[in-house]
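Colleague:
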Amino acid sequence: MKQVKAIIKPERFESVKKALEENGFSGMTITNVNGRGDQKGITLEYRGGRMNVDLLPKIEIEMVVNYDRVDLLVSTITQSCRSGRIGDGRIFVSPVEKVVRIRTGESLEELPLERVADPGMYAIADLISPATEKEEYVSLEISQPVSVQSKGM
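Under numbering that gives the first Met the number 0, the first residue of the sequence shown carries the number 0, and numbering increases by one thereafter.
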């Protein structure tokens, strides 16, 4: 599994979120952050005075995905945010050593919930039933869009 963190402009968040959902990514953690990079801040005029703002508001999107979904995730974020100007943001990809579901204490080697091609269909793969200790493969149709945590937590 990989952790993907993207730092983007706040005004791009809704378009990124929509693109992520269209590509089967729904579980994410969002944090309002302030920072600077090559942009080094901006100068604002307020009531006739000038004010330098060197830390700009940004949105941090954090997601954990299986290895085979990283390239799609990165390209989806990149295509949704790119304006070609300084300040578009950064994406960081890091390995994840372990994921533990707090509710049950179980360790997850792979994220079990993945969205399949049909936008209304979800597949739960390699789900271990505690009662039977066997693998079950389940798919269910969802007629209305719902929020699904793909981190499995």
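For every residue, glycine included, the Cβ atom is placed at its ideal position computed from N, Cα and C.
Kindly say whether Gly104, judged by its beta-carbon, lies nearer than 8 Å to any beta-carbon of chain C.
Modeller: Of the chains in the structure shown, none is chain C; there is only one protein chain.
Colleague: Indicate whether Ile90 and Thr75 have their beta-carbon atoms separated by less than 8 Å.
Modeller: Mapped onto the sequence shown, residue 90 falls at position 91. Mapped onto the sequence shown, residue 75 falls at position 76. Not a contact, by the Cβ cut-off of 8 Å.
Colleague: Excluding the 5 residues preceding and the 5 following Gly40 in the sequence, name in chain order all residues of the same chain whose CB lies nearer than 8 Å to its CB.
Modeller: What you label residue 40 is simply residue 41 of the sequence shown in a count that begins at 1. Asn51, Val52, Asp53, Leu54 and Leu55.
Colleague: I'd like to know whether the C-beta atoms of Gln2 and Val73 end up nearer to each other than 8 Å.
Modeller: Here the question's residue 2 lines up with position 3 in the sequence shown. Here the question's residue 73 lines up with position 74 in the sequence shown. No, the pair does not count as a contact, with Cβ atoms beyond the cut-off.
Colleague: Note down, in chain order, each residue of its chain lying with its Cβ closer than 7 Å to the Cβ of Lys97, except the 5 sequence neighbours on either side.
Modeller: Here residue 97 corresponds to residue number 98 of the sequence shown, with the count starting at 1. Closer than 7 Å at Cβ, skipping near neighbours: Ser106.
Colleague: Quick one: Cα of Lys4 to Cα of Arg11, how far?
Modeller: Taking the sequence shown and counting its residues from 1, one reaches residue 4 at position 5. Taking the sequence shown and counting its residues from 1, one reaches residue 11 at position 12. Approximately 15 Å between the Cα atoms of the pair.
Colleague: Does DSSP put Phe12 in a helix, in a strand, or in coil?
Modeller: Taking the first residue of the sequence shown as 1, we reach residue 12 at position 13. If DSSP states are grouped into helix, strand and coil, Phe12 belongs with the helices.
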